[in-house]
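In what follows, a structure is listed as structure tokens, so that the remarks can point back to it.
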Amino acid sequence: MNWDEQRRLIKVSKMYYEDNLTQNEIANKTGIYRTTITRLLQKARDEGIVQITIKGDYREQVNLEQQLQDKFGLKEVVVVPAEEKETKDERQQKLGESAIHLIDGIMKDGDVVGFAWGSTLGKMVDALGGSKNRNVEFVPLVGGPGKMPVEHHVNTIVYSYAKAYKGHANFIDAAAIVPSPQSKKEIVESKYFQDIISLWENLTIAVVGVGTPVSSSNLVFSGFLGESDLNYLNDEGAIGDICSRFYDIRGEQIVGEIDERTIAITLEKLKSLSYSIGVAESIEKTESIVGALRGEYLSHLVTNDITAKSILEFSEGGEK
-17 MNWDEQRRLI KVSKMYYEDN LTQNEIANKT GIYRTTITRL LQKARDEGIV
33 QITIKGDYRE QVNLEQQLQD KFGLKEVVVV PAEEKETKDE RQQKLGESAI
83 HLIDGIMKDG DVVGFAWGST LGKMVDALGG SKNRNVEFVP LVGGPGKMPV
133 EHHVNTIVYS YAKAYKGHAN FIDAAAIVPS PQSKKEIVES KYFQDIISLW
183 ENLTIAVVGV GTPVSSSNLV FSGFLGESDL NYLNDEGAIG DICSRFYDIR
233 GEQIVGEIDE RTIAITLEKL KSLSYSIGVA ESIEKTESIV GALRGEYLSH
283 LVTNDITAKS ILEFSEGGEK
């Protein structure tokens, strides 16, 4: 490259990167076509005249986000930094805060926003803060969690969000898994539940947790699942659940009598949404999250870097 060409690249680059002129402004000042300005700026980078260095403390997390997006075709991933010494509550609190920021940037007037239940989603309530004033319908996506702490109950989460945003809360008066398919039929055919179903049909944003493998599932400790249920799910290879709907490591839903007793939005509906946001962390949930991602039940994921690395290592280390 001769000196005159290099001088031209330096001059244009200085005007663009140091003087903060737009490409149109540079074209007007120099008389060079805008398309030529674009080509010169690219050449300056290709030749090493311009070298862009991105600095920041969280490059590792951003790289993990991109890897997860590329690996599973996700629309967006938020990877929160975590420390080994942090307690479970502290990790969940950080996850909840990040999930709130993501949801707040998406949610708009007229939306129907649904929530599942669980400790991670319950922590989001603690970080909600003041009123946002949005004309939004908030609705549970699954029946209540029975013996779980009240702050983790889906109605509590829905009410807290509606209060913070001055939206409208809808509640669900049923368990996540009922004793029989007949019991479910009676509930879902009731007038009040038809209103819930109508909201599910018009859902625009879903916010869900990811359940752990069956052996440590909250549904076991809540008394929803008996020994025969557990044996069936284990035989079918259940690895996790979303809204009390189980799936295996390949992401394939496990259907059968348990599913016929479940009062919750369907996994197929979650797959159809533009915003199906999963909020989950912990090494214990690695395979559960992988199954959910393979099933394409989530479009967005909020997790931490420890879990993100575990997901990628599992996915790259061998298929099950």
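The numbers in this note's numbering rise by one with no breaks, and the one at position 262 of the sequence shown is 244.
The beta carbon of each residue, even a glycine, is placed where N, CA and C say it ideally should be.
In this text the structure is predicted, and so the values were computed from the model without any measurement.
**OP:** Report the rounded CA-to-CA distance for I174 versus D86, giving the unit in angstroms.
**Re:** The sequence given here has Tyr at residue 174, not Ile. In a straight line, the C-alpha of Y174 is about 29 Å away from that of D86.
Original post:
What span of residues does the beta strand (DSSP E) with E168 cover, start to end?
Top reply: Premise fails: E168 lies in the alpha helix (DSSP H), P163 to V170, not in any beta strand (DSSP E).
Original post:
Three-state secondary structure (DSSP) at V306?
Top reply: Given a span of -17 to 302 for the chain in the structure shown, any question on residue 306 remains unanswerable.
**OP:** Measure the CB-CB distance between V62 and L77 and report whether it falls below 7 Å.
**Re:** yes
Original post:
So with Cβ pairs under 7 Å, would you call D86 a contact of chain C?
Top reply: Of the protein chains in this structure there is only one, and it is not chain C.
Subject >> Host alpha helix (DSSP H) of S258 (start-end) >> reply: Segment Y257 to V261 is the beta strand (DSSP E) holding S258; no alpha helix (DSSP H) there.
Original post:
So which of L212, V136 and E278 has the shortest CA-CA distance to K253?
Top reply: When each option's Cα is compared against that of K253, the closest is E278.
**OP:** Could you spell out the range, first to last residue, of the alpha helix (DSSP H) harbouring L321?
**Re:** With the chain running from -17 to 302 in the structure shown, residue 321 is simply not present.
Original post:
From D52 to V272, what does the alpha carbon distance come to, in whole angstroms?
Top reply: 14 Å
**OP:** Would you give the residue range spanned by the alpha helix (DSSP H) that L22 belongs to?
**Re:** R16 to D28
**OP:** Report the residue ranges of all beta strand (DSSP E) runs contained in full by the segment 88 to 115; include only those spanning at least 3 residues, in chain order.
**Re:** As for any beta strand (DSSP E) of minimum length 3 sitting wholly inside the segment 88 to 115, the runs are 94 to 97, ordered along the chain.
**OP:** Could you tell me if T260 is buried or exposed, where buried requires 16 or more neighbouring beta carbons within 10 angstroms of its beta carbon?
**Re:** Note on identity: in this sequence residue 260 is Gly, with Thr being the wrong assignment. Residue environment for G260: buried (at least 16 other C-beta atoms within 10 angstroms of its C-beta).
Original post:
Are there 16 or more other CB atoms within 10 angstroms of the CB of Y229, so buried, or fewer, so exposed?
Top reply: buried
**OP:** Within 10 angstroms of the Cβ of F203, are there 16 or more other Cβ atoms? Answer buried if so, exposed if not.
**Re:** Confidence at F203 is low in this model, with a pLDDT of 48, below 50, so the placement of that residue should be treated as unreliable; the coordinate-derived value is given next. F203 comes out exposed.
Original post:
So what's L252 in DSSP terms, helix, strand or just coil?
Top reply: In the structure shown, L252 adopts helical secondary structure according to DSSP, grouped into three states.
Original post:
Touching or not, the segment 159 to 170 and the segment 241 to 258, by the rule of three or more beta carbon pairs under 8 Å?
Top reply: yes
**OP:** Pull up the DSSP beta-bridge partners for G191, would you.
**Re:** BP columns for G191 are empty, so no partner.
Original post:
What does a CB cutoff of less than 7 Å around I154 pick up in its chain, not counting 5 residues either side in sequence?
Top reply: Same-chain partners within the cutoff: P122, G125, G126, V136, N137 and I178.
**OP:** Look at A274 and L46 and say whether their C-beta atoms are less than 7 Å apart.
**Re:** No, they are not a contact pair.
Subject >> Distance between beta carbons of I224 and G190, contact taken as under 8 Å >> reply: Looking at the sequence provided, one finds Val at residue 190 rather than Gly. Sure, about 5 Å apart at Cβ, within 8 Å.
**OP:** Can you check DSSP and say which residues form a bridge with E119?
**Re:** V94 and H150
**OP:** Starting from the C-beta of I14, find all residues in its chain whose C-beta is less than 8 Å away, skip the five residues before and the five after it, and write them out in chain order.
**Re:** Once the five neighbours on either side are set aside, the close Cβ partners of I14 are V(-6), I8 and L22.
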